[in-house]
């Protein structure tokens with residue numbers, strides 16, 4: 607195509623936007639509204655993801671080993687030979703599995719090597735006791751002095767295990783439980799389930815919102831192009847009569863559709879910025895949380911999504927609509 | 438089969454061989470039409486309403502497709518031609534409409550230039566050729582006027598300039614005098630005759646028997662979808 611023709615066609619498309627300004631304003635309004643809703647749905651989804659990510663990071667599984675204390679005070683049953691009986695005062699080494707720090711560390715390493723385990727650190731029963739004292743017994747130490755006596759610490763050696771993906775949380779916990787030497791695992795399986803269901807729920811809702819709004823956007827742009835086509839049916843019939851190709855006739859309409867899409871994208875970006883700013887100012891003011899996704903970090907992505915939606919709706923909507931009319935000939939245009 | 442074929446030394450520009458057209462509604466518009474129009478001829482097509490004149494023209498412009506037979510226009514075989522070649526066929530012809538079909542928000546110059554712009558001609562050529570075409574129809578001084586500032590006859594002359602501007606081999610005029618007064622009708626046909634004298638083939642549909650009688654050109658008469666008369670020397674009643 608010649609540069610002169612390209613300029614002419616582009617100019618015609620842009621001119622249509624102005625000539626049909628009432629319809630353009632209506633289309634830009636509705637398309638912008640759709641894009642704003644899509645943008646806000648995306649930002650909500652980003653925030654839910656970030657919040658869940660924070661929860662995931664904080665989610666640590668405590669693993670306790672099958673040591674002497676786990677048999678004496680914990681849930682582990684003693685390992686008994688045929689005919690042997692359990693005597694708590696004279697517990698033997700063969701009645702539990704983890705006897706020293708080396709054996710504990712080898713279990714920690716085994717857990718570390720598992721899929722979905724981000725990190726695993728050894729926690730001795732002494733460290734565990736210090737932690738309990740700091741968090742649960744502060745100010746009441748005088749009542750629990752017996753814990754410091756020799757053999758007074760009832761806690762077991764264990765490991766703090768951080769998981770990387772909540773989606774396979776329960777499967778990973780079951781694998782850890784199955785490791786030889788592991789007595790119990792303290793986990794928040796319900797939390798993992800809740801996180802997973804929120805994640806998939808938000809994901810599904812997002813997909814549906816975007817799909818429905820995309821269809822609405824397409825219908826809106828198609829209708830605008832239809833009105834333009836109706837207004838220009840005389841020109842189109844003459845174009846066809848003098849030998850303009852379908853592509854030539856189509857270009858101004860596609861340009862018009864794309865222009866409407868891009869104008870809407872710019873409006874949507876601006877509106878989403880202000881809506882999000884008001885919403886985040888309110889939330890941060892009342893909750894004081896700083897875990898909200900910043901608009902600037904997603905601004906380009908959102909603009910890209912809006913422009914993509916606008917261009918797609920413009921191109922697709924106009925091509926679909928005009929293809930219907932391009933098959934018409936001469937007098938058939940008067941009947942439109 | 439070649440009952441109505443005209444003998445002419447020049448090559449054919451339009452050839453119909455055994456052409457029939459029946460619409461989906463069941464209307465038989467044309468039946469076994471055989472005709473040959475040579476390059477450089479001026480042909481009137483006459484007939485009462487429903488005789489098949491419009492269908493005849495639509496088949497030539499490839500607005501409609503024949504059910505049977507063969508049509509050749511300007512070297513294009515219209516019965517085999519794919520849809521995407523239709524624009525190329527139409528670039529070889531200029532069309533004049535009864536209702537002028539001028540774009541109301543474009544001035545005279547732009548209305549004529551439109552026919553060149555949409556086929557991708559460069560601006561330099563457009564300026565030159567549009568001025569030439571407007572001078573030819575005697576409207577060089579009205580280039581900046583809007584269509585609603587012109588009389589019916591002037592509007593039709595703009596339509597004629599638009600049909601001429603791409604230098605087509607064939608001009609199809611569908612009742613070009615239908616919406617203008619009798620004096621202007623003579624002027625329009627005189628213009629078409631002048632264009633024809635320079636070698637362009639003219640095919641004109643009309644109801645105006647006086648015009649056909651006064652301008653001694655070939656006359657094809659249609660009735661009930663068939664050619665009932667084909668007179669080289671003018672109208673005979």
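Protein chains in written order, with our numbering: chain A, 607 to 942; chain B, 438 to 674. Beta carbons: idealized from backbone N, C-alpha and C, even for Gly.
Check whether the Cβ of residue i lies closer than 8 Å to any Cβ atom in chain A.
| i | result |
| --- | --- |
| residue 525/B | yes |
| residue 489/B | no |
| residue 540/B | yes |
| residue 650/B | no |
| residue 423/B | Here chain B has residues from 438 to 674 only, and residue 423/B is not among them. |
| residue 528/B | yes |
| residue 446/B | Because residue 446/B carries a pLDDT of 49, less than 50, the predicted location of this residue cannot be relied on, and no value is offered for it. |
| residue 441/B | Unreliable placement is indicated for residue 441/B, whose pLDDT of 38 sits below 50; the coordinate value is still reported in the next sentence. Taking Cβ atoms only, chain A never reaches closer than 8 Å to residue 441/B, which makes this a no. |
| residue 438/B | Note that residue 438/B has pLDDT 36, beneath the 50 cutoff, so the model's placement of it is unreliable and the number below is only indicative. Not closer than 8 Å to any Cβ of chain A, the Cβ of residue 438/B fails to qualify, so no. |
Would you kindly report the start and end of the unbroken beta strand (DSSP E) that includes residue i?
| i | result |
| --- | --- |
| residue 676/A | Taken as a continuous stretch (DSSP letters only), residue 676/A belongs to no beta strand (DSSP E), being part of the alpha helix (DSSP H) at 674-678. |
| residue 641/B | 638-642 |
| residue 697/A | Note, residue 697/A: premise wrong, no beta strand (DSSP E); not H, not E. |
| residue 532/B | 530-533 |
| residue 789/A | 788-792 |
| residue 479/B | 479-483 |
Rounded to whole angstroms, how far is the Cβ of residue i from the Cβ of residue j, which I believe are closer than 8 Å?
| i | j | result |
| --- | --- | --- |
| residue 493/B | residue 526/B | Not really, about 16 Å apart at Cβ, beyond 8 Å. |
| residue 824/A | residue 922/A | 6 Å |
| residue 610/B | residue 570/B | Going by Cβ atoms, the distance from residue 610/B to residue 570/B rounds to 15 Å, so no, they are not a contact pair. |
| residue 666/A | residue 866/A | Between residue 866/A and residue 666/A the Cβ distance is about 52 Å, and since that is not below 8 Å, they are no contact. |
| residue 584/B | residue 539/B | 4 Å |
| residue 711/A | residue 728/A | 6 Å |
| residue 765/A | residue 726/A | 5 Å |
| residue 819/A | residue 643/A | 6 Å |
| residue 484/B | residue 476/B | With 8 Å as the limit, residue 484/B and residue 476/B do not qualify as a contact, their Cβ atoms being about 24 Å apart. |
Of all the CB atoms in chain B, is at least one closer than 8 Å to the CB of residue i?
| i | result |
| --- | --- |
| residue 628/A | no |
| residue 836/A | no |
| residue 844/A | yes |
| residue 611/A | yes |
| residue 614/A | yes |
Using DSSP with H/G/I as helix, E/B as strand and the rest coil, what is residue i?
| i | result |
| --- | --- |
| residue 670/A | strand |
| residue 442/B | Here the model assigns residue 442/B a pLDDT of 40, short of 50, so the residue's position is not dependable, and the following value carries that caveat. Correct three-state label for residue 442/B: coil. |
| residue 452/B | strand |
| residue 663/B | strand |
| residue 774/A | helix |
| residue 729/A | strand |
| residue 493/B | helix |
| residue 427/B | Missing from the structure shown is residue 427/B; chain B here goes from 438 to 674 and no further. |
| residue 463/B | coil |
| residue 769/A | strand |
| residue 860/A | helix |
| residue 540/B | coil |
| residue 508/B | strand |
| residue 583/B | coil |
| residue 838/A | coil |
| residue 721/A | coil |
| residue 655/A | helix |
Span of the alpha helix (DSSP H) holding residue i?
| i | result |
| --- | --- |
| residue 759/A | Counting along the chain, residue 759/A falls outside any alpha helix (DSSP H), and DSSP gives it neither H nor E. |
| residue 608/B | That residue, residue 608/B, is in no alpha helix (DSSP H); its beta strand (DSSP E) goes 607-611. |
| residue 625/B | 619-634 |
| residue 589/B | 589-601 |
| residue 684/A | It is not in any alpha helix (DSSP H) - residue 684/A carries neither H nor E in the DSSP assignment. |
| residue 548/B | 545-554 |
| residue 706/A | That residue, residue 706/A, is in no alpha helix (DSSP H); it is neither H nor E in DSSP. |
| residue 524/B | 523-527 |
| residue 654/B | Residue 654/B -> no alpha helix (DSSP H), and no H or E assigned at all. |
| residue 487/B | Segment: none, residue 487/B is in no alpha helix (DSSP H) and carries neither H nor E. |
| residue 574/B | First-last for residue 574/B: undefined, no H or E at that position. |
| residue 910/A | 901-932 |
**Study point:** chain B contacts from the segment 846-873 of chain A (Cβ-Cβ distance under 9 Å)
**Key:** Against chain B - using a Cβ distance shorter than 9 Å - the residues of the segment 846-873 of chain A are 846, 847, 848, 849, 850, 851, 852, 854, 855.
Point to revise | Residues of the segment 551-570 of chain B with Cβ closer than 8 Å to any Cβ of chain A, in chain order | key: Taking a C-beta cut-off of 8 Å against chain A, the contacting residues of the segment 551-570 of chain B are 551, 552, 554, 555, 556, 557, 559, 560, listed in chain order.
Practice item. Give the residues from the segment 601-632 of chain B that approach chain A closer than 8 Å (Cβ to any Cβ), ordered along the chain. Key: 603
Check your understanding: For the segment 811-842 of chain A, which residues have a CB atom closer than 8 Å to at least one CB atom of chain B, in sequence order?
Key -> 840, 841
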